[in-house]
Amino acid sequence: GVQATVEDATSWIPNETGPRVDREVSIHLKRVAEDYDVVHAFGYRTAWACAEAFGSQEAWLFSAIDFPKTTHAQLVERLNKAQRAFCVSEAVRIPLAAAGVELARVYRPGARPPIDLVDRDTARVPFDIPETAQVVAGLGRMVPERGFMKLMLAMEEVWRADPEVYLLLAGTGPEEEAIRAHRW
473 GVQATVEDAT
483 SWIPNETGPR
493 VDREVSIHLK
503 RVAEDYDVVH
513 AFGYRTAWAC
523 AEAFGSQEAW
533 LFSAIDFPKT
543 THAQLVERLN
553 KAQRAFCVSE
563 AVRIPLAAAG
573 VELARVYRPG
583 ARPPIDLVDR
593 DTARVPFDIP
603 ETAQVVAGLG
613 RMVPERGFMK
623 LMLAMEEVWR
633 ADPEVYLLLA
643 GTGPEEEAIR
653 AHRW
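In my numbering, the protein residues as written are 473 to 656.
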């Protein structure tokens, strides 16, 4: 008896905010959500839109899947209008909580790991990584918001200090080709 709709908001939620933009987005969001009891916003832009459209009067929640680009008081005020804030990790929750987001809680993704997990030493074998070497790893969609390119640039500094550190990246996305083509 549960009905859910996934609405891709990228075409109607701009990066800009302001009274006129927020009003237009609010009108659209209220119309899209009128037949639903709860709205779940994925990310900060859609959470901002929900706060503008529903305030704390309607049931809405948001998922924080990455670090906030800002913890400006206006964003925090809006995020606190949600009934719940789901954070994918403690690392995402900490800056939100420090900025005053009151309902931020960590809820781990529901996917179960495969049964045949291997220990750390066994996982190093296919990559010929010595057991004493430090490893920096990244897994996720290769999009600007995830910061893979920034990580690669930061690794240049890491390798100046310790050239024996290994970098392992896994994922696909629009930045994958540029990441693979990057040479140090």
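The beta-carbon is built from N, C-alpha and C at its ideal position, and this holds for glycine as well.
Local conformation of residue i per DSSP, three classes
{"i": "R517", "result": "helix"}
{"i": "H654", "result": "coil"}
{"i": "W484", "result": "coil"}
{"i": "H512", "result": "strand"}
{"i": "S498", "result": "helix"}
{"i": "P635", "result": "coil"}
{"i": "E628", "result": "helix"}
{"i": "E648", "result": "helix"}
{"i": "A476", "result": "coil"}
{"i": "V564", "result": "helix"}
{"i": "Q606", "result": "coil"}
{"i": "E524", "result": "helix"}
{"i": "P616", "result": "helix"}
Buried versus exposed call for residue i [16 or more other C-beta atoms within 10 Å across all chains shown]
{"i": "T477", "result": "exposed"}
{"i": "A554", "result": "buried"}
{"i": "R495", "result": "exposed"}
{"i": "W631", "result": "exposed"}
{"i": "A513", "result": "buried"}
{"i": "V497", "result": "buried"}
{"i": "V590", "result": "exposed"}
{"i": "V510", "result": "exposed"}
Between the CA atoms of residue j and residue i - distance to the nearest angstrom
{"i": "R613", "j": "G515", "result": "15 Å"}
{"i": "V504", "j": "T518", "result": "13 Å"}
{"i": "E636", "j": "E628", "result": "12 Å"}
{"i": "W484", "j": "V493", "result": "10 Å"}
{"i": "E648", "j": "E479", "result": "26 Å"}
{"i": "A576", "j": "F539", "result": "13 Å"}
{"i": "F534", "j": "E562", "result": "16 Å"}
{"i": "D593", "j": "A633", "result": "24 Å"}
{"i": "L625", "j": "V564", "result": "22 Å"}
{"i": "E488", "j": "Q546", "result": "14 Å"}
{"i": "P616", "j": "V597", "result": "31 Å"}
{"i": "D507", "j": "Y638", "result": "51 Å"}
{"i": "I537", "j": "L501", "result": "21 Å"}
{"i": "R556", "j": "W532", "result": "8 Å"}
{"i": "G645", "j": "R618", "result": "11 Å"}
Beta-bridge partners of residue i, as assigned by DSSP
{"i": "A642", "result": "L611"}
{"i": "F558", "result": "S535, R577"}
Within-8 Å CB hit, residue i to chain D
{"i": "E488", "result": "The chain inventory of the structure shown lacks chain D, comprising one protein chain alone."}
Is it true that the stretch 592–608 meets the stretch 519–529, where meeting means three or more beta-carbon pairs spaced less than 8 Å apart? Under the Cβ criterion (8 Å, minimum of three pairs), the stretch 592–608 does not count as touching the stretch 519–529.
If contact is defined by three or more beta carbon pairs under 8 Å, each pair taking one atom from either stretch, is the stretch 510–525 in contact with the stretch 544–553? Contact holds: three or more Cβ-Cβ distances are below 8 Å.
Would you call the stretch 558–576 and the stretch 594–606 touching, i.e. three or more CB-CB distances under 8 Å? Using a Cβ-Cβ distance cut-off of 8 Å, the stretch 558–576 and the stretch 594–606 are not in contact, since fewer than three pairs of beta carbons, one from each stretch, lie closer than that value.
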